[in-house]
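Engineer:
Residue numbers (the numbering used here): 1 to 188.
Quick look at the structure:
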């Protein structure tokens with residue numbers, strides 16, 4: 001099977017990055033042809049921030065990579081901020097099935113962890129725009145960054161972008177419960 005893995009690597013290597021590397025190694029050891037479409041956050045700046053809701057550069061890069069590699073399936077890990085959800089539209093446009101692993105709660109809350117300042121923060125799980133998260137600046141203690149991330153998530157929730165993915169891998173029953181109870185139609 002030809003498998004395309006798409007992942008935005010963190011500035012400092014994290015658990016998701018290790019999972020991607022181990023997954024690719026295991027798939028190759030089992031006879032699959034695996035390619036990585038890599039994005040990164042090493043040069044995170046104003047341009048990547050502005051492109052976060054829909055990164056046209058990532059969209060066209062993904063389409064080009066898909067046309068060249070011709071995968072049977074795509075496995076997406078982290079999309080923030082380098083890739084953006086635009087890669088889902090590239091896959092849909094070329095009719096390639098997509099599996100997404102949701103390693104954190106970034107699509108539910110800008111904090112990504114449902115924690116802020118060492119305390120549980122679940123205000124973002126409510127329907128509507130997460131103004132409480134913005135007021136507190138739950139992403140990197142920045143109201144501006146939190147607002148932009150919240151706006152991007154809110155926009156994609158309203159247009160049902162996550163519905164493009166064919167399957168999701170969640171990291172436990174608690175994650176499944178939270179996403180199922182969320183305002184994303186993809187998990188209903």
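Ideal placement from N, C-alpha and C gives every residue a C-beta, glycine not left out.
(1) Across which residues does DSSP place residue 39 in a beta bridge pair?
(2) Could you name each continuous beta strand (DSSP E) segment of 3 residues or more that falls completely within the segment 63-126, going from the start of the chain to the end?
(3) From what residue to what residue does the alpha helix (DSSP H) around residue 147 run?
(4) Tell me which residues share the same chain as residue 100 and place their Cβ nearer than 6 Å to its Cβ, disregarding the 5 neighbours each side in the sequence.
(5) Helix, strand or coil for residue 34? Go by DSSP, reduced to three states.
(6) Can you tell me where the alpha helix (DSSP H) holding residue 164 begins and where it ends?
(7) Where does residue 28 land, buried or exposed, given buried means 16+ other C-beta within 10 angstroms?
(8) Tell me the DSSP secondary structure of residue 178 in three-state form.
(9) When you compare only the Cα positions, how much space is there between residue 20 and residue 113?
(10) Between the Cα of residue 9 and the Cα atoms of 31, 36, 1, 117, which residue gives the shortest distance?
(11) Is the beta carbon of residue 71 sitting closer than 8 Å to the one on residue 4?
(12) Exposed or buried, residue 52, counting other C-beta atoms within 10 Å across all chains shown (16 or more means buried)?
(13) If you draw a straight line from the C-alpha of residue 74 to the C-alpha of residue 6, how long is it?
Structural biologist: The answer reads as follows:
(1) Bridge partners of residue 39: 8.
(2) 73-76, 98-102
(3) Per DSSP, residue 147 belongs to the alpha helix (DSSP H) from 143-158.
(4) These residues qualify, in order along the chain: 76, 165, 168.
(5) strand
(6) From DSSP, residue 164 is part of no alpha helix (DSSP H); its letter is neither H nor E.
(7) exposed
(8) Here residue 178 sits in helix by DSSP.
(9) 19 Å
(10) 36
(11) yes
(12) By the 10 Å Cβ count, residue 52 comes out buried.
(13) 7 Å
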